[in-house]
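Engineer:
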Amino acid sequence: MARKNRSIKKTGSGLKFWGRHAVEAALDNPQRLIKKISGTREALESLDIPAEISVVFSDVADLGRTIPRDAPHQGLVADVDPLPDVWLGDILDQQSSRPLLLLDQVTDPHNVGAILRSAAAFDAAAIITQDRHAPPESGVLAKSASGALEIVPWVRVVNLSRALDEIADAGYWRIGLDGEAMDTLEEAMGSSKLALVMGAEGEGLRQNVAAHCDTLVRLPMSPRMESLNVSNAAAIALYAEYTRTKGD
Numbered sequence: 001m002a003r004k005n006r007s008i009k010k011t012g013s014g015l016k017f018w019g020r021h022a023v024e025a026a027l028d029n030p031q032r033l034i035k036k037i038s039g040t041r042e043a044l045e046s047l048d049i050p051a052e053i054s055v056v057f058s059d060v061a062d063l064g065r066t067i068p069r070d071a072p073h074q075g076l077v078a079d080v081d082p083l084p085d086v087w088l089g090d091i092l093d094q095q096s097s098r099p100l101l102l103l104d105q106v107t108d109p110h111n112v113g114a115i116l117r118s119a120a121a122f123d124a125a126a127i128i129t130q131d132r133h134a135p136p137e138s139g140v141l142a143k144s145a146s147g148a149l150e151i152v153p154w155v156r157v158v159n160l161s162r163a164l165d166e167i168a169d170a171g172y173w174r175i176g177l178d179g180e181a182m183d184t185l186e187e188a189m190g191s192s193k194l195a196l197v198m199g200a201e202g203e204g205l206r207q208n209v210a211a212h213c214d215t216l217v218r219l220p221m222s223p224r225m226e227s228l229n230v231s232n233a234a235a236i237a238l239y240a241e242y243t244r245t246k247g248d
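Counting from 1, one number per residue, gives the positions in the sequence shown under this note's numbering.
This is how it looks when you write it as structure tokens:
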């Protein structure tokens, strides 16, 4: 399969991605600058790598020494640059009916990676985080996202509450998830396009962020469990919105 034209960008601080899904998705993303791919002969020969990318044949042990211990690299490690910034205004200008997903102080890269994967699966327009309270791009996050880091736009903002104001001005109904809320997610869904707002496990939404939501809702669940992991809750909320808009 022919690769898309790659854009030329300034080199930034380097990252290492590992695993087949993360590396293949990076190759398919023209916005991702890849400087080098190291791998076993078998793994590299299965990829369509543009001529301008440096290729290094390595054995499994050598690859393991370049990344965190026990990282499941599947014979592939790529040296890449972070993606260019994505601006909230550009996402809102698209006037998409697809949902937005905002994360308030969700800092674990495994959770954010899993949320990106769900956002790709259920067709979210973007995820939005506050820059000071979110993990940076990393190999761990990319591996957890299983390629979705290259698919779903990730907007980093200075202030999440101000971002919610902009989102409301663009016509979104802002739904915050709160385990103590009276209404359920299904009851709060209307005909408007949605912005779903998720808080960190344990702490939940900060007061000011919750105040900038139009309504707070909970996910109904068995009383045997008090709460869900934030990535699981995000997947359920995105699935509910996806089936509502697709009519399935």
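Glycine included, C-beta positions come from ideal geometry on N, C-alpha and C.
Compute the distance between the beta-carbons of Ile91 and Leu103, then report whether it is under 8 Å.
Structural biologist: no
Engineer: Just reading off the beta strand (DSSP E) that Asp104 is part of, what are its end residues?
Structural biologist: Leu100 to Asp104
Engineer: At a cut of 8 Å, does the region 231-242 reach the region 184-203 through at least three beta carbon pairs?
Structural biologist: yes
Engineer: Work out the CA separation of Val157 and Trp87 for me, nearest whole Å.
Structural biologist: 8 Å
Engineer: Between which residues of its own chain and Leu149 is the CB-CB distance below 6 Å, once the five residues before and five after are set aside?
Structural biologist: Excluding residues within five positions, the ones whose Cβ falls inside 6 Å are Leu116 and Ala142.
Engineer: Taking the alpha carbon of Asp165 as the reference point, which residue from Glu180, Asn208, Ser138 and Gly190 has its own alpha carbon closest?
Structural biologist: Closest option to Asp165, Cα to Cα, is Asn208.
Engineer: Compare the beta carbon distance of Pro135 and Pro109 with 8 Å and say whether it is the shorter of the two.
Structural biologist: Yes, Cβ-Cβ distance for Pro135 and Pro109 is below 8 Å.
Engineer: Would you identify the three-state DSSP class for Lys10, choosing helix, strand or coil?
Structural biologist: The pLDDT assigned to Lys10 is 38, lower than 50, so where the model puts this residue is not dependable; a value taken from the coordinates is nonetheless given after this. If DSSP states are grouped into helix, strand and coil, Lys10 belongs with coil.
Engineer: What whole-angstrom Cβ distance do Asp178 and Arg218 have, given they're in contact under 8 Å?
Structural biologist: Contact between Asp178 and Arg218 is confirmed by a C-beta separation of about 6 Å, below the 8 Å threshold.
Engineer: How is Thr66 classed by DSSP in three states: helix, strand or coil?
Structural biologist: Thr66: coil per DSSP, three-state reduction.
Engineer: With DSSP as the reference, label Asn5 as helix, strand or coil.
Structural biologist: Residue placement at Asn5 is poorly supported in this model, since its pLDDT is 36, which falls under 50; the coordinates still yield a value, given next. If DSSP states are grouped into helix, strand and coil, Asn5 belongs with coil.
Engineer: What did DSSP end up calling Ala134 once you bin it into helix, strand or coil?
Structural biologist: coil
Engineer: Quick check on DSSP: helix, strand or coil for Ala26?
Structural biologist: helix
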